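Colleague:
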Amino acid sequence: MGIIFNTIFEKSKNDLMHGNYTKIISEKIEQYNSTAIENEETLNEILFFANNLIKFEEKCLQGLSSKEILSEQKITEIMKTIKDHKNLGVFYELLKFVNYYYENLDNYVEKNYALHIYFLLSIISRQLKFFDGFKTLQYKNCLFPKRKCVKNPSLVDYANKFFVQKLFSRVLIGMKDGVPRASFYIVYLSLDLPSYAHHNNYFSNHRSFFKFYLRVLISSVLHEEFKPQNTTLNELISLAFDLFIVKPECKTKFINILRGLTNVKSIGSSLIKRNMKLIKEYCQKTIRGVSIQEITPWLENEKYSVSFNDIFVSEMNLSWYLMQNYANNNFEADNEADRWKSIDRTFPRFYCR
Numbered sequence: 001m002g003i004i005f006n007t008i009f010e011k012s013k014n015d016l017m018h019g020n021y022t023k024i025i026s027e028k029i030e031q032y033n034s035t036a037i038e039n040e041e042t043l044n045e046i047l048f049f050a051n052n053l054i055k056f057e058e059k060c061l062q063g064l065s066s067k068e069i070l071s072e073q074k075i076t077e078i079m080k081t082i083k084d085h086k087n088l089g090v091f092y093e094l095l096k097f098v099n100y101y102y103e104n105l106d107n108y109v110e111k112n113y114a115l116h117i118y119f120l121l122s123i124i125s126r127q128l129k130f131f132d133g134f135k136t137l138q139y140k141n142c143l144f145p146k147r148k149c150v151k152n153p154s155l156v157d158y159a160n161k162f163f164v165q166k167l168f169s170r171v172l173i174g175m176k177d178g179v180p181r182a183s184f185y186i187v188y189l190s191l192d193l194p195s196y197a198h199h200n201n202y203f204s205n206h207r208s209f210f211k212f213y214l215r216v217l218i219s220s221v222l223h224e225e226f227k228p229q230n231t232t233l234n235e236l237i238s239l240a241f242d243l244f245i246v247k248p249e250c251k252t253k254f255i256n257i258l259r260g261l262t263n264v265k266s267i268g269s270s271l272i273k274r275n276m277k278l279i280k281e282y283c284q285k286t287i288r289g290v291s292i293q294e295i296t297p298w299l300e301n302e303k304y305s306v307s308f309n310d311i312f313v314s315e316m317n318l319s320w321y322l323m324q325n326y327a328n329n330n331f332e333a334d335n336e337a338d339r340w341k342s343i344d345r346t347f348p349r350f351y352c353r
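Going by full-length UniProt numbering, 312 is the number at position 312 of the sequence shown; the sequence numbering is gapless.
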């Protein structure tokens with residue numbers, strides 16, 4: 001294979017070759033280890049290199065399996081770094097992603113995308129450290145009374161978060177059913193950005209409960225068994241605009257779309273099981289004095305029909321425990337007890353069914 005492809009990475013001083021690509025990729029990763037991604041130019045540089053890795057893998061590494069191209073240990077190390085990071089709570093989608101694919105990511109990577117995904121996840125893992133003290137909700141909640149509202153100082157920090165999320169959207173493109181899966185994720189981001197906005201809780205997507213519907217959405221989209229459908233995607237895109245308008249039927253339509261997504265195969269019951277597993281793994285606590293082992297057996301009953309309410313409330317309960325686990329690392333940056341009273345009241349409804 002010793003042919004040099006000058007078009008593979010035109011801006012690099014070194015060309016990717018069969019014998020040196022792991023070294024060049026490692027050097028490129030280190031370039032983004034000391035500073036946060038703060039502008040489009042830096043983001044585009046990363047994406048340019050990532051896209052050229054796809055071309056390189058296609059032209060130079062044909063016939064090799066992903067395990068031959070990249071050792072399984074490398075991707076496992078990256079996933080572990082992300083999973084164990086104290087700031088993982090800043091990115092709910094990453095938290096779900098690493099728990100879905102921690103042990104089997106290789107099985108869901110599209111051909112010619114192994115290096116692409118490894119490179120982007122490596123960059124993401126190194127960006128997490130720049131979110132110390134990040135206030136997840138502060139960018140949406142002005143610190144001043146309405147009459148004295150000034151530009152929110154946390155908007156710059158949120159821009160850094162958004163750049164990382166754009167990298168993650170490209171990771172999804174390299175997965176099975178990647179393009180439509182990434183499209184659903186972009187819709188999720190467009191709904192998440194204005195939700196719970198400052199100075200306004202009148203619209204349905206500005207109320208605190210809306211974020212749990214969004215978490216059902218992203219948990220479903222990232223699930224291994226998720227099969228994207230263009231019809232559902234188009235419905236969701238159309239509805240995304242209507243959610244900014246006060247229309248009672250919008251909430252019903254949105255929930256019906258989520259019902260459809262979670263009814264596919266065993267996604268619904270799997271989402272609840274995963275959420276229970278996360279509660280146990282991250283918190284190692286009991287739920288209101290009830291052992292986790294005591295409340296999961298009914299999920300093993302094949303005749304049991306999981307309702308959308310079960311899934312929704314499980315996301316709420318997981319969020320509550322994640323807030324405790326990431327209390328000093330801003331999972332919600334929202335420790336007001338009143339905001340969680342209604343969530344706390346749902347515990348018996350979910351677990352005493």
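Glycine included, every Cβ here is placed at the ideal spot set by N, Cα and C. Computed from a prediction, not measured in an experiment: that's the story for all the values here.
Assuming N112 and E58 form a contact by the criterion Cβ under 8 Å, report the distance between their Cβ atoms to the nearest whole angstrom.
Modeller: Sure, about 4 Å apart at Cβ, within 8 Å.
Colleague: Using only the alpha-carbon positions, how far apart do I218 and S65 sit?
Modeller: The straight-line gap from Cα to Cα measures roughly 30 Å.
Colleague: Taking Cβ to Cβ, would you say L271 is nearer than 8 Å to S319?
Modeller: In this structure, S319 does not lie closer than 8 Å to L271 by Cβ.
Colleague: In chain order, what residues of the same chain lie with their CB nearer than 7 Å to the CB of L222, ignoring the 5 residues before and after it?
Modeller: If we look at L222 and ignore the five residues flanking it on each side, its Cβ neighbours are E93, K96, F97, Y100.
Colleague: Return helix, strand or coil for Q73, following the three-state DSSP convention.
Modeller: Note: Q73 maps to helix in three-state DSSP.
Colleague: By the three-class DSSP mapping on this structure, what secondary structure does V164 have?
Modeller: It is helical.
Colleague: Is the Cβ-Cβ distance between Y108 and K83 less than 8 Å?
Modeller: Result no, Cβ atoms of Y108 and K83 do not sit closer than 8 Å.
Colleague: Using beta-carbon positions only, say whether Y118 and L70 come within less than 8 Å of one another.
Modeller: Yes, these two residues count as a Cβ contact at 8 Å.
Colleague: Given this structure, state the Cα-to-Cα distance separating M276 from L16, to the nearest angstrom.
Modeller: Distance between the alpha carbons of M276 and L16: 44 Å.
Colleague: Within a Cβ cutoff of 8 Å, which residues of the same chain sit near V179, ignoring the five residues on either side of it in sequence?
Modeller: Within the same chain, V179 has close Cβ partners I173.
Colleague: Just mark H18 as buried or exposed, buried being the case when its beta carbon has 16 or more other beta carbons within 10 Å.
Modeller: Exposed, since its Cβ has fewer than 16 Cβ neighbours within 10 Å.
Colleague: Quick one, which of I25, E30, F130 has its alpha-carbon nearest I54's?
Modeller: Out of I25, E30, F130, I25 has the C-alpha closest to the C-alpha of I54.
Colleague: Quick one: using the 10 Å Cβ neighbour count with 16 as the cut-off for buried, is N44 buried or exposed?
Modeller: By the 10 Å Cβ count, N44 comes out exposed.
Colleague: Whole-angstrom Cβ separation of D177 and K227, contact assumed at under 8 Å?
Modeller: Going by Cβ atoms, the distance from D177 to K227 rounds to 7 Å, so yes, they are a contact pair.
Colleague: Just verifying my parser: in three-state terms, what is the DSSP assignment at N20?
Modeller: The answer is coil: DSSP assigns N20 none of H, G, I, E or B.
Colleague: Taking the DSSP output, what are the residues bridged to M175?
Modeller: For M175, which the question treats as bridged, DSSP gives the partners V109.
Colleague: With a CB to CB cut of under 7 Å and the five nearest residues on each side skipped, what residues in its chain are close to S342?
Modeller: With a pLDDT of 49 at S342, under the threshold of 50, the modelled position of this residue cannot be trusted; read the value that follows with caution. Excluding positions up to five away in sequence, the list is empty.
Colleague: Mapping DSSP to helix, strand and coil, what is A36?
Modeller: DSSP places A36 in coil when its eight states are reduced to three.
Colleague: Using three-state DSSP, classify Y102 as helix, strand or coil.
Modeller: Of the three classes helix, strand and coil, the one that applies to Y102 here is coil, per DSSP.
Colleague: Quick one, which of L121, F134, L278 has its alpha-carbon nearest V90's?
Modeller: It is F134 whose Cα lies nearest to the Cα of V90.
Colleague: Does DSSP put H85 in a helix, in a strand, or in coil?
Modeller: Coil.
Colleague: Do you know how far the Cα of L193 is from the Cα of I165?
Modeller: In the sequence under discussion, the amino acid at residue 165 is Gln, which differs from the Ile named in the question. Rounded to whole angstroms, Q165 to L193 spans 12 Å at the Cα level.
Colleague: Cβ of Q229 versus every heavy atom of the ligand GTP: is any distance shorter than 7 Å?
Modeller: Questions concerning the ligand GTP fall outside what the structure shown contains, since it holds no ligand whatsoever.
Colleague: Compare the C-alpha of T262 against each of N234, L214, L239, I279 and name the closest.
Modeller: When each option's Cα is compared against that of T262, the closest is L214.
Colleague: From which residue to which residue does the alpha helix (DSSP H) around residue 356 run?
Modeller: Coverage of the chain is limited to positions 1 through 353, which leaves residue 356 absent and any answer about it impossible.
Colleague: Rounded to a whole number of angstroms, what is the C-alpha to C-alpha distance between I257 and F168?
Modeller: Whole-angstrom Cα-Cα distance: 24 Å.
Colleague: Can you tell me whether DSSP reads Q127 as helix, strand or coil?
Modeller: Of the three classes helix, strand and coil, the one that applies to Q127 here is helix, per DSSP.
Colleague: Less than 8 Å between C-beta atoms, sequence neighbours within five positions excluded: which residues of the same chain meet that for F184?
Modeller: So the list reads L217, V221, P228, L233, L236, once near-sequence residues are dropped.
Colleague: Specify, as a first and last residue, the run of the alpha helix (DSSP H) that L193 falls within.
Modeller: Per DSSP, L193 belongs to no alpha helix (DSSP H) and is neither H nor E.
Colleague: Just reading off the alpha helix (DSSP H) that F210 is part of, what are its end residues?
Modeller: Start and end: 210-222.
Colleague: For the candidate residues Y326, F162, K80, K161, whose alpha-carbon lies nearest to that of S122?
Modeller: Of Y326, F162, K80, K161, the residue nearest in Cα terms is K80.
Colleague: For D132, does the three-state DSSP call read helix, strand or coil?
Modeller: Here D132 sits in coil by DSSP.
Colleague: Going by CA-CA distance only, name the one from F331, A36, E27 that's closest to K211.
Modeller: Per the Cα distances, F331.
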